[in-house]
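Remarks on the structure that follows.
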Amino acid sequence: EGSSQAGGGWASGAGAGAEGGGRGEAGACRMRILPDKVLGGYANWGKEEWASSREKILKAAEDGVNVIFWFTIDLVDEEEAGKPVVRSRGPDGSFLSSIANELKARNLHTTHLITIGGWNEVHPTTLHAPEEVYAAWKKWNEEEIARPEEGFDGFDGFDWDIEGNDEASSKYNTFDVETLDWMGRISQLAKQDGYIVSMAPCESYLDPTSHAFDRSLTATHAEWQPIVPHFTYHGTNAYAYILSRYGFTKIEERESESISVRYVHTFDMVMLQLYESYSHANFELTLNDKQPGQWLSDLVQRFSDGWLVQFSSDEAVGYGDAIV
Numbered sequence: 001e002g003s004s005q006a007g008g009g010w011a012s013g014a015g016a017g018a019e020g021g022g023r024g025e026a027g028a029c030r031m032r033i034l035p036d037k038v039l040g041g042y043a044n045w046g047k048e049e050w051a052s053s054r055e056k057i058l059k060a061a062e063d064g065v066n067v068i069f070w071f072t073i074d075l076v077d078e079e080e081a082g083k084p085v086v087r088s089r090g091p092d093g094s095f096l097s098s099i100a101n102e103l104k105a106r107n108l109h110t111t112h113l114i115t116i117g118g119w120n121e122v123h124p125t126t127l128h129a130p131e132e133v134y135a136a137w138k139k140w141n142e143e144e145i146a147r148p149e150e151g152f153d154g155f156d157g158f159d160w161d162i163e164g165n166d167e168a169s170s171k172y173n174t175f176d177v178e179t180l181d182w183m184g185r186i187s188q189l190a191k192q193d194g195y196i197v198s199m200a201p202c203e204s205y206l207d208p209t210s211h212a213f214d215r216s217l218t219a220t221h222a223e224w225q226p227i228v229p230h231f232t233y234h235g236t237n238a239y240a241y242i243l244s245r246y247g248f249t250k251i252e253e254r255e256s257e258s259i260s261v262r263y264v265h266t267f268d269m270v271m272l273q274l275y276e277s278y279s280h281a282n283f284e285l286t287l288n289d290k291q292p293g294q295w296l297s298d299l300v301q302r303f304s305d306g307w308l309v310q311f312s313s314d315e316a317v318g319y320g321d322a323i324v
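Going by full-length UniProt numbering, the first residue of the sequence shown is number 1, and it counts up by one from there.
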């Protein structure tokens, strides 16, 4: 039961936003960039399986994978210390460094991203300001995971994969307003430091077929209701809010005696989980017998055209209706 685990789907450079955020301190930074064409792969084995997964990862890169999404971390609160920390379920820095260096030796240019969250996992802590949470991630990435002496400078960025929970009553089946805002603001802070930021929402969390907005993750799809009435694990455009409100980031750079300002897309890539359980894609392609190529082309066109989302229906977010 429940929805799908983290993964790939339709991918595109994306973002349309209102609140850019400013850089705390002017200065230039190295902007990491994705390949022009992305073929991503999720390395999501359990800790005890990392060693045996080595050859699978290298083989995937040999076969064309140029972005590896390493699974996964949580941004949590350390109660005793009273500060945000990173809790990792992924490999350690030594393993990552050995993989990265082997890929370099084979002349396989590869981008490394760490995923945050996953199905049945906790949502990021909001007990601390987003600046503090981001600082904890940055310190973990640059001081704990990185092996600069071995030629590995840490992850090139991160991928948001915050989702729901199999337990219908779980608090994680609702996005707090603070959670959505923290995700957006942390993304902007990372972008200001030159990191790659991507997201992989379930299909229902970013749905151009619907104008509705709801932070609950216990909705149903009308077309599936007569068939699987028990399945109540869909969202309603929650990630659309992040894309709309935090889709652009303000970059300030010092040039001699002046400061130049430019705005960039916060999110380098959006990957839609078309394989979400009982998705629109599943219904249209398997029960309505739509031609896959044409259906996918129509979906991409919907995203390209944009669609109105009624954010004002939720007074708690304090945000007006917008085209995403």
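Positions of the beta carbon are idealized from the N, C-alpha and C atoms, including for glycine.
For clarity, every value in this text was computed on a predicted model and none was experimentally measured.
Using 8 Å for Cβ pairs, my map puts residue i next to residue j. What's the rounded Cβ distance?
i	j	result
Arg-32	Gly-154	With a Cβ gap of about 11 Å, Arg-32 and Gly-154 do not count as contacting.
Trp-140	Val-86	4 Å
His-234	Ala-219	4 Å
Ala-129	Leu-180	The Cβ separation is near 15 Å, so there is no contact.
Thr-232	Ala-168	7 Å
Does DSSP put residue i in a helix, in a strand, or in coil?
i	result
Phe-158	strand
Pro-84	strand
Phe-283	helix
Leu-108	coil
Gln-294	helix
Thr-220	coil
Trp-70	strand
Gln-310	coil
Arg-147	strand
Phe-175	coil
Arg-254	strand
Val-228	coil
Met-269	strand
Phe-213	coil
Arg-54	helix
Met-31	coil
Glu-315	helix
Asp-305	helix
Leu-180	helix
Leu-299	helix
Val-133	helix
Ala-100	helix
Ala-61	helix
Leu-206	coil
Val-324	coil
Ser-187	helix
For residue i, verify whether its CB is less than 7 Å away from any heavy atom of the ligand COA.
i	result
Tyr-263	Absence of the ligand COA from the depicted structure is noted, as is the absence of any ligand whatsoever, leaving it without description.
With a threshold of 16 other CB atoms inside 10 Å of the CB of residue i, please say whether the residue is buried or exposed.
i	result
Ile-73	buried
Pro-292	exposed
Ala-81	exposed
Thr-286	exposed
Ala-43	buried
Arg-262	exposed
Gln-192	buried
Ile-196	buried
Ile-259	exposed
Asp-36	exposed
Gly-318	exposed
Ala-316	exposed
Ser-52	exposed
Ser-304	exposed
Ser-256	exposed
I'd like the list of long-range same chain contacts for residue i, defined as Cβ closer than 7 Å, with 5 residues on each side in sequence excluded.
i	result
Val-324	Ala-16, Ala-240, Leu-243, Ser-244, Gly-306, Trp-307, Val-309
His-280	Glu-203, Thr-209, His-221
Thr-125	Leu-75, Val-76, Asp-77, Pro-84, Val-133
Trp-50	Pro-91, Phe-95
Gly-184	Ile-242, Arg-245, Tyr-246
Gly-64	Leu-39
Glu-131	Leu-189
Gly-194	Cys-29, Arg-30, Met-31, Arg-32
Ala-135	none
Asp-176	Thr-126
Can you find the residues in the same chain that come closer than 8 Å, C-beta to C-beta, to residue i, ignoring five residues on each side of it along the sequence?
i	result
Gly-151	Ser-97, Ala-100, Asn-101, Lys-104
Phe-283	His-221, Glu-223, Trp-224
Ser-313	Ala-212, Phe-213, Asp-214
Leu-58	Ile-99, Glu-102, Leu-103, Arg-106
Val-228	Tyr-278
Ala-146	Gly-93, Phe-152, Asp-153, Gly-154
Trp-295	Ala-281, Glu-284, Leu-285
Ser-170	Gly-164
Ile-116	Thr-72, Ile-73, Asp-74, Leu-75, Pro-124, Phe-158, Asp-159, Trp-160, Asp-161, Ile-162
Gly-320	Phe-311, Ser-312
By Cβ distance, which residues of its chain are closer than 6 Å to residue i, with the 5 residues on each side in sequence left out?
i	result
residue 325	Within the shown structure, residues of the chain are numbered from 1 to 324, placing residue 325 beyond reach of any answer.
Ser-198	Asp-159, Asp-268, Met-269
Thr-216	According to the sequence shown, residue 216 is Ser rather than Thr. Excluding residues within five positions, the ones whose Cβ falls inside 6 Å are Thr-174.
Gly-8	Low per-residue confidence applies at Gly-8: pLDDT is 34, beneath 50, and the placement is therefore not dependable enough to give any value.
Gln-302	Per the sequence shown, the amino acid found at residue 302 is Arg instead of Gln. Pro-208.
Val-122	Asp-74
Would you say residue i lies against chain C (beta-carbon separation less than 8 Å)?
i	result
Asn-173	The structure shown contains no chain C; it is built from a single protein chain.
### Query
Are the region 108-118 and the region 63-71 touching by the rule of at least three beta carbon pairs closer than 8 Å?
yes
#### Entry: Stretch-stretch touch, CB-based, cutoff 8 Å, three pairs: the region 194-206 with the region 256-272
Flag = yes, the region 194-206 and the region 256-272 touch.
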